[in-house]
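*Asks:* I am attaching a structure below and will ask some questions about it afterwards.
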Amino acid sequence: MPAIDARDVTKTFRAGWRGRRVTQALRGVTLQVPRGAIFGLLGPNGAGKTTLLSILTTLLVPDSGSVTVLGHDVVREAGAIRRRLNMATGNASFLWSLRTEEIVAFYARLYGLSGAVLRRRVDELIELCELGEYRRAMYNELSTGIKQRLALAKSLVNDPELLFLDEPTLGLDPDISVRVRERIAALRKQRGMTIVLTTHYMREAEELCDDIAFIKSGLILARGTAGDLKRQIAIGDVITFRLDPGAPWLAETPGVLRYVELDGRVECTVDDAEKRLPELLRALFAAGVVIHDVRVSEPELEEVFVELAR
18 MPAIDARDVT
28 KTFRAGWRGR
38 RVTQALRGVT
48 LQVPRGAIFG
58 LLGPNGAGKT
68 TLLSILTTLL
78 VPDSGSVTVL
88 GHDVVREAGA
98 IRRRLNMATG
108 NASFLWSLRT
118 EEIVAFYARL
128 YGLSGAVLRR
138 RVDELIELCE
148 LGEYRRAMYN
158 ELSTGIKQRL
168 ALAKSLVNDP
178 ELLFLDEPTL
188 GLDPDISVRV
198 RERIAALRKQ
208 RGMTIVLTTH
218 YMREAEELCD
228 DIAFIKSGLI
238 LARGTAGDLK
248 RQIAIGDVIT
258 FRLDPGAPWL
268 AETPGVLRYV
278 ELDGRVECTV
288 DDAEKRLPEL
298 LRALFAAGVV
308 IHDVRVSEPE
318 LEEVFVELAR
């Protein structure tokens with residue numbers, strides 16, 4: 018049984034005079050997330066990501082469709098789900114007058130922790146999220162990055178089976194972002210935790226996610242690994258040559274999607290570099306073209322994001 022099984026989920030919001038302004042936030046989303054995976058949910062602002070996460074975390078009820086999380090229906094068995102999941106958001110907000118350790122302890126108490134167990138859990142999370150020097154600092158004294166690390170600590174108080182991370186590295190310095198991503202990967206590896214991640218950082222999605230879904234206008238437009246998504250929209254791999262002389266006839270070679278000469282280099286965008294590179298090399302050798310340099314690069318996931326968001 019998958020950690021998340023959503024089928025044909027819809028959600029519509031009404032606003033304005035007598036609800037005449039209608040927004041279809043979700044228009045039939047179907048999505049399965051296997052247990053123990055790190056799953057990426059990408060999409061532009063207003064795509065429906067927040068609405069979908071709110072339904073999966075039992076904060077909203079879908080208009081139609083079915084959703085089970087950890088084997089429980091999100092409408093009929095919401096209480097059983099909430100004990101087993103948690104969430105950290107990129108826009109964390111806690112009571113300004115509480116100290117860091119008090120915030121972690123407060124949320125741990127909500128899950129029934131007390132006494133020595135509570136103190137030990139707070140100590141573990143403060144160490145895990147590198148909050149030791151800020152332990153006694155009040156929330157309003159913390160920087161944006163420290164607040165993010167505190168939000169991650171809070172999301173782990175109940176050792177959840179399913180963790181939702183909404184922009185977990187938003188506002189963090191690059192070195193801290195790297196360490197946060199390492200912790201996220203370790204949570205899955207060491208505890209078998211299922212993690213659903215939303216992010217606008219394409220490198221983050223490529224590094225962490227086993228599988229990625231792209232949502233736009235309330236619909237899942239594409240799904241797969243980062244490599245799968247690149248192939249689905251046919252952006253293609255780029256083979257860069259330095260040739261003597263040039264070879265504009267390569268543009269007519271099977272599998273070549275685009276041929277460009279730029280600053281003494283030739284760029285061939287191909288459907289599959291592994292298949293086409295040997296063919297191009299053979300053709301160049303046969304034509305007597307001297308190859309001084311050759312490089313192969315895959316399209317960045319950011320390019321996929323831009324193409325799908327159009």
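Per my numbering, residue 18 is the first one in the sequence shown, and the count goes up by one each step.
Beta carbons: idealized from backbone N, C-alpha and C, even for Gly.
#1: Counting along the chain, where does the beta strand (DSSP E) carrying threonine 40 start and finish?
#2: Classify arginine 198: buried if its beta carbon has 16 or more other beta carbons within 10 angstroms, exposed otherwise.
#3: Work out the CA separation of threonine 29 and threonine 211 for me, nearest whole Å.
#4: Considering only C-alpha positions, which residue in the set Pro61, Leu87, Gly162 and Ile193 is nearest to glutamate 178?
#5: Does the Cβ of glycine 60 have 16 or more other Cβ atoms within 10 Å, making it buried, or fewer, making it exposed?
#6: Between phenylalanine 56 and aspartate 227, how many whole angstroms is the CB-CB distance? I'm expecting something under 8 Å.
#7: Hey, glycine 107 and leucine 214 are a contact pair by Cβ (cut 8 Å); roughly how many whole angstroms apart?
#8: Provide the residue span of the beta strand (DSSP E) that contains glycine 57, from first to last.
#9: Spatial neighbours of glutamate 278 within its chain, please: CB distance less than 7 Å, with the 5 preceding and 5 following residues excluded, ordered by chain position.
#10: For tyrosine 128, tell me which candidate among Leu173, Gly36, Ile143 and Gly244 has the shortest Cα-Cα distance.
#11: Do phenylalanine 30 and the ligand GTP come close, with the Cβ less than 7 Å from some heavy atom?
#12: I'd like to know whether the C-beta atoms of arginine 38 and arginine 44 end up nearer to each other than 8 Å.
#13: Suppose contacts are defined by Cβ-Cβ distances below 8 Å. Is arginine 282 in contact with threonine 257 by that definition?
#14: Could you tell me the distance, in whole angstroms, from the CA atom of methionine 104 to the CA atom of glycine 82?
#15: Are the region 123-143 and the region 158-175 touching by the rule of at least three beta carbon pairs closer than 8 Å?
#16: Would you list the one or two residues that DSSP bridges to methionine 219?
#17: Give me the Cα-Cα distance between aspartate 289 and arginine 299, rounded to the nearest whole angstrom.
*Replies:* This is what the structure holds:
#1: 38-50
#2: buried
#3: 28 Å
#4: Leu87
#5: buried
#6: 7 Å
#7: So it is not a contact: roughly 11 Å between Cβ atoms.
#8: It spans 55-59 - the beta strand (DSSP E) in which glycine 57 sits, taken as one unbroken run.
#9: Gly263
#10: Leu173
#11: Absence of the ligand GTP from the depicted structure is noted, as is the absence of any ligand whatsoever, leaving it without description.
#12: no
#13: yes
#14: The straight-line gap separating the alpha-carbon atoms of methionine 104 and glycine 82 is approximately 23 Å.
#15: As far as the Cβ criterion goes, the region 123-143 touches the region 158-175, which means the pair count is three or higher.
#16: DSSP, once it has assigned bridges, lists no residue as partnering methionine 219.
#17: 16 Å
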